[in-house]
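A.B. asks:
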Amino acid sequence: MAMLRGKFSKTGDMKYISHLDLVRLFHRVLRRAGINIAYTQGFNPHPIISFATALSLGVESYGEYFDLKLNEEMSFTEFQQSVNQHMPRGIKILDGKYIDSKEDSLMSMVEYSDYLIAVEFIDENWDRELFEQWVAGFLEEERIMITRKKKKKRRQRHQEYKEVDVRPLIKELTLESVRGEKWSLYTLLTTGSKGNLKPEDLIKLFEKYLKNQEQNREKENPIEITSVEITRKDLYQEVNGAMKNLIDAV
Amino acid sequence: MSDQIKEVKIDDLLMKVEKPARYLGNEMNSAHKEINEDMVRFAFAFPDTYEIGMSHLGMQILYHLLNEQQDIFCERVFSPNTDMENLLRREERPLFALETKTPLKAFDFIGFTLQYELSYTNILNILDMGEIPLFQKDREEEDPIIILGGPCSYNPEPIADFADIIVLGEGEEIILEVINLYKKIKQKPNYQKADFLLAASEIEGIYVPSHFAVDYHADGRIKEVRSTEKSGGEQGLKKRIIEDLDKAYYPDKILVPYIDTVHNRVVLEIFRGCIRGCRFCQAGMIYRPVRERSLEKLQTMAHDLLQNTGYEEISLASLSSSDYTEIEALIHHLIEINQKDHIGVSLPSLRLDNFSKELIEEIQKVRKTGLTFAPEAGTQRLRDVINKNIREEDLLNSAKEAFEMGYNNIKLYFMIGLPTETDEDILGIKELVYKVLNQYHSLPKEKRAGGLKITVSTSTFVPKAFTPFQWEEQISLEEIHRRQSILKESLTHRSINYNYHDGKTSVVEGAFARGDRRLSKVLYKAYSLGCKFDGWGDHFDYQKWVKAFEEEDSSLDFYSHRKRSYDEILPWDHFDIGVNKSYLMQENNKAKIEEVTPDCRLNCSACGINQKFTSRGGVC
């Protein structure tokens, strides 16, 4: 038995594959590639593979991870080659290594993820400086509140909601680049069991903030984001104050 | 493809629709080819959702068969879901084939499979969204050739006005003959589509509806089906069969969808045809004779398909899996695969009378799912009428054995409205279900699993073309509701769950199953009124259908609820499926006197299939 940790990308058309479908795709590709995977015991055996954290439909990524149990260790390069041969275009094993099976699970390790968020706005020609001021202003907010669904208790009929302050979950937010109509933001967000903010929620909160700014300035055109493209760059764990991706962290 | 036709852009729509993976067209084992001018481009259209269409074996076979030819490129198209349809229509973008997003109107052929009468409006919708004139007579030289095939093409008359060509029977060989002929004829100077249709009509199994006209009596019955001046030397409209399944094409790989579909697994077709002669069953008649694949062939197929898909489950396909001569050897082989590679095995369509406890125990080692049995009728008398050849003891013994093995979930299928059915037969369903329930309760508590669930489903009998019951009437809507309510009131035990099909869909299905060519207009009217996805309860709108029949001066009663006499010319009488009409009459007569006919292996009942359709000289 050997535990293999792999890093992969999910881009292009593959961003339209849901997490559940991705898991199933891995099962089938591993079988096609003839990898000697270990199975769970019991009535309905399935491959022993786990993933770090689900990616939303429509988000591309260059930093996804899985832990896979093999019956027999094979060279990582050989594994990578044969699996990539059977993967659809858009999913590619990028890196990997064998880890001790006593290591923490991916899911419990992940603390941060970073994203590039490319947005287009309606009818606006802003200069970079003004936009940067807004980003700074947004981060200076004392609280950034978001409404979340509460977990339903058993036999509870109506969904309850709660207000959460997500400002502490935003580690970084900067303007990365401006290319024509596209404004690219870079952000580092808390991810995982200790707190979680999705980039698509962040961008909605930022849009709301901008709209309020507009009202204050009494401009004619309302600010509206017309398109959002999100790319996840990587997943991290903080080790001695440094951000390490989930392969380097072990 | 002409230069001005560009691929349809959908990237900006994908995030706005549910399950965008339906529209990607890049699944494992999908075909992607460099397009050149000499290539024949074929769009295989399935007039239902992606999830249903991708589960259809015929599509998988023909798709890979065509794509193995260098100069043919076959792509797929399904009925887009309503969300995607609305976006495409709003943006005025035409419907496209999945692999290249090429608009449908740029294809040489669009082939529709006719699986179910209630998907006909979806065919019109696909053509309309593809910007292709619906009626054959309105299509121009540059429009694609519309070719229809599949089980409902045994009576294609209600949809005939929309088709250029209809294929009768199994498609594996004929489809290549048709395309090769097209390639040849298209090269000729002054090529016209009519030349191709004329030449194609000479291929056995090809029906060109525009080469025929139908005359009617004043009372609406058919007077005559005659050739028109367009027709050439039609070779007799005989269905096509593949005689040796071992030599027939079967893909060694199949498409593996990203999203969950109805049958998301390897499907192994073990044989075609059926040795039983249930008198209501169209499949049992039209797919004759029985042709089995050899065990060796199936083992190779199973191995290749699993290897090339990575699927975790394999399922056997046939009309009655336990009738396969080497079923035990096959299952032992599959179990072996299971033990080394963790492949689940599922075995649908088992019969009650040769249900083997050993077999079930074998399968159970893999995965224990529910069991389904289909007694079809509640009393022995009615089961004799329909020639189901299953006895009450068969069901009760099987049920008992299943409960002993720890099954607690059983499904029972019945039909209501079968010819000669009385209220006593309906109550017979109730009695039979309660006897099954008692089998469970008669076992000591420690020997049975808790939480018994018996699901009883009834569908309404729909008389179909080329069956011994093709002359029979379908019961009225009121009568369907009355009989359903008898069962609703009597199947009230907490372990029993009663499901029934909407009678209204059965009435429309019944009209199209035995309809004539005049129904093409009704179909068009219903489509114009907004009918589509009629097989889906949440879309089906009976009132629109009633209105369509009224406005076209047609009658559901005439088609669905009318008994035909033996001397009436039926809309499908000009086709030959190998089974003689005299045999169908004889079976219908035997039904009336409740006399059963043994299965084909016990005693040949001379249906006629082996006289004209195989080289085996009358032996099945």
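Just so you know, the protein sequences line up as chains A and B, in that order.
One rule links them: number in the working numbering = place in the first sequence (from 1) + 27.
One rule links them: number in the working numbering = place in the second sequence (from 1) + 1125.
We put the CB at the ideal spot given by N, CA and C, even for glycine.
When you compare each of Tyr263/A, Gly222/A, Gln240/A, Asp228/A to Val86/A by their alpha carbons, which one comes out closest?
C.D. replies: Looking at the Cα atoms, Asp228/A is the closest of the given residues.
A.B. asks: Measuring only the C-alpha atoms, how far is Lys1355/B from Asp1289/B?
C.D. replies: 13 Å
A.B. asks: Kindly indicate if chain A contains any beta-carbon less than 8 Å away from that of Gly1255/B.
C.D. replies: no
A.B. asks: Sorted by chain position, which residues of the same chain lie with C-beta nearer than 6 Å to Leu1496/B's C-beta, five sequence neighbours on each side aside?
C.D. replies: Ala1527, Tyr1532, Ile1535
A.B. asks: For the segment 1132-1162 of chain B, which residues have a CB atom closer than 7 Å to at least one CB atom of chain A, in sequence order?
C.D. replies: Here the close residues are Leu1139, Met1140, Pro1145, Ala1146, Leu1149, Asn1151, Met1153.
A.B. asks: Let me know the alpha helix (DSSP H) ranges lying completely inside the segment 1212-1284 of chain B, each 4 residues or longer, listed in chain order.
C.D. replies: Runs found: 1245-1254.
A.B. asks: Is there a C-beta anywhere in chain B that falls below 8 Å from the one on Leu166/A?
C.D. replies: no
A.B. asks: Determine the extent of the alpha helix (DSSP H) in which Met114/A is found, giving its start and end residues.
C.D. replies: Element bounds for Met114/A: n/a, residue is neither H nor E.
A.B. asks: Which of the three DSSP states is assigned to Tyr213/A in this structure?
C.D. replies: strand
A.B. asks: Quick check on this structure: which residue in Phe1637/B, Ile1694/B, Gln1317/B has the alpha carbon closest to the alpha carbon of Ser1685/B?
C.D. replies: Phe1637/B
A.B. asks: Helix, strand or coil for Val1142/B per DSSP?
C.D. replies: coil
A.B. asks: Strictly under 8 Å for the Cβ-Cβ distance: is His1467/B near chain A by that measure?
C.D. replies: yes
A.B. asks: Which residues in the same chain have their Cβ closer than 6 Å to the Cβ of Arg1264/B, if we skip the five residues on either side of it in sequence?
C.D. replies: Pro1258
A.B. asks: Would you kindly work out how many angstroms separate the C-alpha atoms of Tyr1279/B and Lys1688/B, rounded to a whole number?
C.D. replies: 20 Å
A.B. asks: So with Cβ pairs under 8 Å, would you call Val1632/B a contact of chain A?
C.D. replies: no
A.B. asks: Relative to the C-alpha of Tyr188/A, which residue among Lys177/A, Arg182/A, Leu196/A, His46/A is closest?
C.D. replies: Lys177/A
A.B. asks: Are the segment 1220-1233 of chain B and the segment 1150-1163 of chain B in contact at 8 Å, needing three or more beta carbon pairs?
C.D. replies: The segment 1220-1233 of chain B makes contact with the segment 1150-1163 of chain B; the number of CB pairs closer than 8 Å reaches 3 or more.
A.B. asks: Pick out the complete beta strand (DSSP E) segments inside the segment 153-196 of chain A, 3 residues or longer, and give them in chain order.
C.D. replies: 172-176, 188-192
A.B. asks: Based on Cα-Cα distance, which residue from Gln1317/B, Leu1190/B, Ile1694/B lies nearest to Lys1348/B?
C.D. replies: Ile1694/B
A.B. asks: Cutting at 7 Å between CB atoms, please list the residues of its own chain near His1117/B, excluding the five before and the five after it.
C.D. replies: Given a span of 1126 to 1745 for chain B in the structure shown, any question on residue 1117/B remains unanswerable.
A.B. asks: For Ser1615/B versus Leu1552/B, is the C-beta distance shorter than 8 Å?
C.D. replies: yes
A.B. asks: Using DSSP with H/G/I as helix, E/B as strand and the rest coil, what is Ala1338/B?
C.D. replies: strand
A.B. asks: When the cut-off is 8 Å and only beta carbons count, does Gly85/A lie next to chain B?
C.D. replies: yes
A.B. asks: For Ile1248/B and Phe1237/B, which I take to be in contact (beta-carbon distance under 8 Å), what is that distance rounded to the nearest angstrom?
C.D. replies: 5 Å
A.B. asks: Please report the straight-line C-alpha distance between Ser1127/B and Asp1196/B, rounded to a whole angstrom.
C.D. replies: Summary for Ser1127/B: the model assigns pLDDT 48, below 50, so the residue's position carries little reliability, and this model does not support an answer.
A.B. asks: Mind checking Glu1829/B: buried by the 16 CB within 10 Å criterion, or exposed?
C.D. replies: Because chain B here runs from 1126 to 1745, residue 1829/B falls outside it and cannot be looked at.
A.B. asks: In terms of residue numbering, what span does the alpha helix (DSSP H) encompassing Ser254/A cover?
C.D. replies: First-last for Ser254/A: 252-266, but that is the beta strand (DSSP E), not the alpha helix (DSSP H).
A.B. asks: Under a three-way DSSP split, which group does Asp1509/B fall into?
C.D. replies: It is helical.
A.B. asks: Cβ closer than 7 Å: which chain B residues qualify as neighbours of Leu52/A?
C.D. replies: Tyr1383
A.B. asks: Is the segment 214-227 of chain A touching the segment 129-148 of chain A, taking contact as three or more C-beta pairs under 8 Å?
C.D. replies: Short answer: they touch.
A.B. asks: Return yes when at least one heavy atom of the ligand NAD lies under 7 Å from the C-beta of Glu227/A, else no.
C.D. replies: The ligand NAD is absent from the structure shown, which contains no ligands of any kind.
A.B. asks: Could you give the first and the last residue of the continuous beta strand (DSSP E) run that contains Arg1346/B?
C.D. replies: Premise fails: Arg1346/B is in no beta strand (DSSP E) and is neither H nor E.
A.B. asks: Could you list which residues in chain B have their beta carbon closer than 7 Å to that of Val56/A, in chain order?
C.D. replies: Taking the beta carbon of Val56/A as reference, the chain B residues within 7 Å of it are Gly1435, listed in sequence order.
A.B. asks: What does Asp48/A reach in chain B if we use C-beta pairs closer than 8 Å?
C.D. replies: Ala1146, Tyr1383, Ile1384, Asp1385
A.B. asks: Are the C-beta of Tyr66/A and some C-beta of chain B separated by less than 8 Å?
C.D. replies: yes
A.B. asks: Tell me the DSSP bridge mates of Leu31/A?
C.D. replies: Leu95/A, Tyr125/A
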